[in-house]
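Undergrad: For the sequence shown, my numbering gives the first residue as 32, with consecutive numbering after it.
We treat Cβ as the ideally placed atom computed from N, Cα and C, and that holds for glycine.
For clarity, every value in this text was computed on a predicted model and none was experimentally measured.
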Amino acid sequence: RGFVQLKSGRLLVGAGVAVPEREEAPKSGPDLGWNDTVVYYSDDGVIWEKSPDILQVELPGENGTRYGAIEPTLVELGDGRVWMLIRDRGGRLYESFSADGSRWSKAERTNFISSDSPAALLRLKDGRILIVWNPCQFWSDPRSYAMGGREVLHAAISADQGKTWSGFREILHETNQVTGGDRGTAYPSPTETADGKILVVSGQGEGKRAMVLFDPSWLMEKNVSDDVERGPVSWTQYGDEGLTAEHTPKTRGKCLVISMKSSGLCGAAWNFPGLTRGTLTFHLWVPTGAREIVLGLNDHFNRVDDVKAAEHLVFRADLNELARDSWQEVHLTWDTAEAEGQLTMAVNGRTVKTLNIQRPAACALNYLRLEARSDKNSGALKLVDVAVRE
32 RGFVQLKSGR LLVGAGVAVP EREEAPKSGP DLGWNDTVVY YSDDGVIWEK SPDILQVELP
92 GENGTRYGAI EPTLVELGDG RVWMLIRDRG GRLYESFSAD GSRWSKAERT NFISSDSPAA
152 LLRLKDGRIL IVWNPCQFWS DPRSYAMGGR EVLHAAISAD QGKTWSGFRE ILHETNQVTG
212 GDRGTAYPSP TETADGKILV VSGQGEGKRA MVLFDPSWLM EKNVSDDVER GPVSWTQYGD
272 EGLTAEHTPK TRGKCLVISM KSSGLCGAAW NFPGLTRGTL TFHLWVPTGA REIVLGLNDH
332 FNRVDDVKAA EHLVFRADLN ELARDSWQEV HLTWDTAEAE GQLTMAVNGR TVKTLNIQRP
392 AACALNYLRL EARSDKNSGA LKLVDVAVRE
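1. Determine, using beta carbons only, whether W266 and W301 come nearer to each other than 7 Å.
2. Leaving out five residues before and five after F34 in sequence, what residues of the same chain have Cβ atoms less than 6 Å from its Cβ?
3. How close, in whole Å, do the beta carbons of L412 and A403 come, if the pair is a contact with beta carbons under 8 Å?
4. Any idea what DSSP makes of W249, helix, strand or coil?
5. Ignore the nearest five residues each way along the sequence and tell me which others in R120's own chain have a CB closer than 6 Å to its CB.
6. Please go through the same chain and pick out, in chain order, the residues whose beta-carbon is closer than 8 Å to the beta-carbon of K228, but skip the five residues on each side of it.
7. To which residues does DSSP link A151 through a beta bridge?
8. Does the region 362-382 come close enough to the region 263-277 to have 3 or more Cβ pairs within less than 8 Å?
9. Looking at the unbroken beta strand (DSSP E) that takes in W365, where does it start and where does it end?
10. Kindly identify the DSSP beta-bridge partner or partners of R32.
11. Can you tell me which residues form a DSSP beta bridge with F313?
12. Taking 6 Å as the limit between beta carbons, can you name the residues of its chain near G284, skipping five residues before and five after?
13. Among K38, E342 and P91, which one has its Cα closest to the Cα of D62?
14. Report the CB separation of G320 from G410 in whole angstroms; it is logged as a contact under 8 Å.
15. Compare the beta carbon distance of N94 and R174 with 7 Å and say whether it is the shorter of the two.
16. When DSSP builds the beta bridges, which residues end up paired with H278?
17. If you draw a straight line from the C-alpha of M262 to the C-alpha of V288, how long is it?
18. Unbroken beta strand (DSSP E) runs of length 3 or more, entirely within the region 191-272: which are they?
19. Any idea which residues DSSP pairs D349 with across the strands?
20. Where does R53 fall in DSSP's three states?
21. Where are the beta strand (DSSP E) runs, 3 residues long or more, that stay fully inside the region 76-145, in chain order?
22. Might you give, ordered along the chain, the residues of its own chain that have their beta carbon closer than 7 Å to the beta carbon of Q389, omitting 5 neighbours on each side?
23. Any chance the region 349-358 sits against the region 304-311, with 3 or more Cβ pairs inside 8 Å?
24. Looking at the structure shown, is E369 part of a helix, part of a strand, or coil, going by DSSP?
25. Among T375, N379 and G380, which one has its Cα closest to the Cα of N387?
26. Tell me the rounded alpha-carbon separation between S59 and F303.
27. Within 8 Å, do at least three Cβ pairs link the region 329-339 to the region 219-227?
28. Pull the bridge partners of A395 from the DSSP assignment, please.
29. Quick check on R355: buried or exposed, where buried means 16 or more other Cβ atoms within 10 Å of its Cβ?
30. Quick check: the Cα distance between L86 and D131, rounded to an integer number of angstroms?
31. Between the C-alpha atoms of A56 and M115, what's the straight-line distance to the nearest angstrom?
32. Would E102 and P149 be called neighbours here (beta carbons separated by less than 7 Å)?
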């Protein structure tokens, strides 16, 4: 995965290299897993040299997998430096930099939330940088498959060599729950087509592979609305079931319908372009019997049945006081997603609460999450006219 040719013609190959004596976890001291990342470089493709810099990532806590620093991806920046992202199981990607590929900086933790999955970097013809990765976490079982899951695949784009990013949008999401084996949307391979589109091949497991084509300008959008006339294709309900788009009385066209059940969490998530400040509006119908209704704005994906997800939201609003069996207009505004951020919530044109941020966003807010419990197996949460703007 970590192959790139620099403008100078130099070839670089980054790889995870097994260290046999670290196959078992140490009885004391730091655990670096059983792989290090190293880089090989060549100016003619015949004679190769190995960088003396060994890139390592310390593993936090115990887990069944101990891969260590593996599956790097490389891209050349506009100033000639090379940027590397390394897979890690601790919830973030790690990075390292090099002037020419021969020497590398110590691996440091980035702001990119990620499960134990590899990212992919691509430099476009116009100089912009694309990243594709799995920003998933499963807080109810952090040591579960891939240390967070691989239910969604995101893309973001930078026009200033990685200083700031736009997008954080789902390009692929898992639709059918699978309980065993490698699965999900992981292992992306992006390329740029002749007409400037982005083609990504990804997906893991039998029947999961997919090819996705999109225009990079789509990642630059800031103001979007959800149209469910084609069905709930923009929503993710992994960990729940029964999500539909239906015509209901007093709505213009179809609305999103989240069926209630008494056996566990019900809900769904909507991904929108990453924003550090913005406004999100929608109309919500809450059925009789619904309880513990939580609305969240977040910077990464959580499956619906993650019962601890609400504790890790950037902004959390409890909606138990909303009127039942009637449409309510909800208006959310946040001024910043940093430590001092606040969320103002208005219902039917009246401000009902101002909430402090639970934690700073790692990069930007890009998910609306709704979750609820119900006293009975009937009724549904309904949403219509969902829109976000900067």
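TA: So, to answer that:
1. yes
2. V44
3. 6 Å
4. helix
5. D147 and M178
6. L244, F245, D246 and P247
7. V163
8. no
9. W358 to W365
10. Bridge partners of R32: none, in fact.
11. V361
12. E260
13. P91
14. 5 Å
15. yes
16. K285
17. For clarity, residue 262 is Gly in the given sequence; the question names Met instead. Approximately 10 Å between the Cα atoms of the pair.
18. 197-204, 220-223, 229-233 and 241-245
19. V325
20. helix
21. 101-107, 113-118, 123-129 and 139-144
22. L344, V345, F346 and R347
23. no
24. coil
25. T375
26. 44 Å
27. no
28. Beta-bridge pairing links A395 to no other residue.
29. exposed
30. 16 Å
31. 26 Å
32. yes
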